[in-house]
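Read the structure below first, then the notes.
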Amino acid sequence: MIALVDCNNFYASCERVFDPSLNGKPVVVLSNNDGCVIARSNEAKALGIPMGAPAFKYKQLVEAEGVKVFSTNFALYGDMSHRVMNILSDYARDIEVYSIDEAFLELESGSPESLLEQIREIHRIVKKHTGIPVSIGVAQTKTLAKVATHLAKKDLTTRGCKVLTDQYEIKTILDRLPVSEIWGIGRRTTKKLAMWGVESAGDLTRLDDDFILRELTVVGLRTKKELMGEPSVVFEGTSKPRKAICTARSFGSMIRDYEYIEQAVATHCAACAVKLRKQHSFASSMMVFVHTNYFRKDLPQYKRNIVVEFPATQNSIELIRQAKEALRKIYKPGYDYKKAGVILMDFQQAEALQEDMFTDNTLDDKDNRLVEALDLVNEKYGRNTLKIADEGLKNKHALKQTRRSNSYTTRWNDILEIKSGSDRRHSDD
DNA sequence: TCTGGGGTCCTAGGACCC
DNA sequence: TCTGGGGTCCTAGGACCC
């Protein structure tokens, strides 16, 4: 049996854990540069603020309704996510972390009643130990588990937990569910399906296999099978290493100077390298890209990317050297740049590393020991305690983040102070 | 004035090989 | 006039997810 655990309004919920006065109030969290809305509490949804809405378009509503607004605080959300996932892994045979706020669990099969009891317990423990509310759905396949979680969230009578195993119930639910709600059916496919008169998930299950294969490829066919209870999207289990690692950011304001763009690229490259080492991989190619602001139709536009190859490495210093060389080839002066990024690709795992006789990529040369020390220090004393000089200190490319909450769980200076008496913020724990 | 970031998978077509 | 067949690898582009 597969369960899908989904944290409710995750980022907004994280903010609430550390400031309970936000409970019952509309809360939104903004993307980088405070650009658009990426998380909303139920109260904010009720006010009609859509997902992905540009923040500036809702300024008036936000002020009028007293909506609490936060810049992203990924250090906090990442840490809270870890805590939730740790608890989940105690309650499952295996876990597949699907995103920062979602995980598939493999549960022992059992009667619907015992399954419900199990997920209610998980629901209760996660809330008690982390403060994060979750929705849990259980079914035979991942796609149906997604449907079940959807119900757990929408249907208040489920109190956040739904077991969807009864064949008759599945059928009636699928007949009422719009195809666009199904996991794996996006905007494009919904439009296509509508042309053939396919409106509900049930309609999709009644479509001919060959027809689906021809029009929607194997991806569409897998979805149909999953809806019919036949597992076709494999449960991956404990996370596999990433095949590509990307770090890219829009700049807080547009940048012209080569020097600052180079610093941004070096910074992104260093961030990629940390992620790369965390999963014990070595990269042997990277893409570097830059582009101007698409939204400024009045300004000249330029975008370019370049892929460079090199002997597999996980060393920040070498990777930054490559990134700088790549940037030099694509940078064109005279443009106002808005975004730059680095993508590392073509990984080899440490164990399988093909030794190149002429390059030393083992962990005992001097640069590598330096990088290892750098990781240790930054792990212990916080991100960016030590940086590579190429990353620069001025941070001209810095994000605009005017409303970031404290990093309660990951920075010593930001730890919550508990006061006694009327100022107490936590009633239990 | 102001519009995110990080991923995965699939397909078609071209290059190349025997 | 006729112009193989089967395979692999790579890339770009499309679609989708959270």
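Residues in the first sequence are numbered consecutively from 552, following the working numbering. Backbone N, C-alpha and C define an ideal beta-carbon position, used for all residues, glycine too. None of these values were measured; they are calculated from a predicted model.
DSSP state of residue i mapped onto helix, strand, coil
| i | result |
| --- | --- |
| Y809 | helix |
| Q611 | helix |
| Q952 | coil |
| I894 | strand |
| E653 | strand |
| V928 | helix |
| F802 | strand |
| L914 | Because the pLDDT of L914 is 46, which lies under 50, any placement of that residue in the model is unreliable, and the question is left without a value. |
| F762 | helix |
| P729 | strand |
| L715 | coil |
| L581 | strand |
| I589 | strand |
| H831 | coil |
| S572 | helix |
| I724 | helix |
| K889 | strand |
| D849 | coil |
| V839 | strand |
Nearest neighbour of residue i, chosen from the options [CA to CA]
| i | options | result |
| --- | --- | --- |
| E614 | Q852, L656, A595 and Q718 | A595 |
| Y811 | S582, K889 and I736 | K889 |
| I651 | D645, E672, I673 and N624 | N624 |
| N583 | L715, A745, L728 and T798 | T798 |
| E668 | T708, N637 and C712 | C712 |
| A795 | F569, E968 and A834 | A834 |
| K880 | V618, F840 and R793 | F840 |
| V858 | T864, L878 and R828 | L878 |
| D885 | H948, M805, I871 and Q899 | As written in the sequence, residue 885 is Gly, which differs from the Asp given in the question. Comparing Cα positions, the closest option is M805. |
| I969 | F569, V618 and L658 | F569 |
| H948 | E653, E930, D887 and R934 | D887 |
| M631 | P684, F655 and Q691 | P684 |
| E672 | M837, E942 and V556 | V556 |
| I868 | R675, D926 and G753 | D926 |
| T694 | K775, G629 and F607 | K775 |
| T709 | Q718, L725 and S686 | S686 |
| P605 | V579, L627, Y628 and I670 | V579 |
| S622 | V588, F898, R644 and H680 | V588 |
| R567 | T681, K610 and L895 | T681 |
| R793 | D897, R675 and E766 | D897 |
Extent of the continuous beta strand (DSSP E) to which residue i belongs
| i | result |
| --- | --- |
| R567 | Run containing R567: none in the beta strand (DSSP E); it sits in the alpha helix (DSSP H), F561 to V568. |
| A604 | Run containing A604: none; DSSP gives neither H nor E here. |
| F861 | K854 to T864 |
| M688 | Checking the sequence, you will find Gly at residue 688 rather than Met. Note, G688: beta strand (DSSP E), V685 to A690. |
| I553 | I553 to C558 |
| K619 | K619 to F621 |
Distance between beta carbons of residue j and residue i, contact taken as under 8 Å
| i | j | result |
| --- | --- | --- |
| N574 | K704 | N574 to K704, Cβ: 18 Å. No contact. |
| V689 | A554 | 5 Å |
| E647 | G788 | 6 Å |
| A924 | H819 | About 22 Å separates the two Cβ atoms, so there is no contact after all. |
| V730 | S751 | 6 Å |
| R828 | Q865 | 5 Å |
| M552 | L658 | 5 Å |
| V635 | P577 | Not confirmed; about 23 Å, so no contact. |
| G753 | L715 | Not confirmed; about 14 Å, so no contact. |
| L612 | L598 | 6 Å |
Per-residue burial, residue i [other beta carbons within 10 Å of its own, 16 or more giving buried]
| i | result |
| --- | --- |
| S958 | buried |
| K722 | exposed |
| L666 | buried |
| L728 | buried |
| K917 | exposed |
| P550 | Outside the shown range of the chain, which is 552 to 980, sits residue 550, and nothing can be said about it. |
| A874 | buried |
| Y562 | buried |
| P663 | exposed |
| D980 | Because the pLDDT of D980 is 40, which lies under 50, any placement of that residue in the model is unreliable, and the number read from its coordinates should be weighed accordingly. By the 10 Å Cβ count, D980 comes out exposed. |
| Y932 | exposed |
| Q691 | buried |
| F762 | exposed |
| Y609 | buried |
Span of the alpha helix (DSSP H) around residue i
| i | result |
| --- | --- |
| H633 | F625 to D641 |
| V698 | K693 to K705 |
| T756 | A752 to T756 |
| H680 | P663 to T681 |
| A745 | R738 to M746 |
| A874 | S867 to I881 |
Cβ-heavy atom distance, residue i to the ligand COA, below 7 Å
| i | result |
| --- | --- |
| T709 | Only the bare structure without any ligand can be found here, which leaves the ligand COA out of the picture. |
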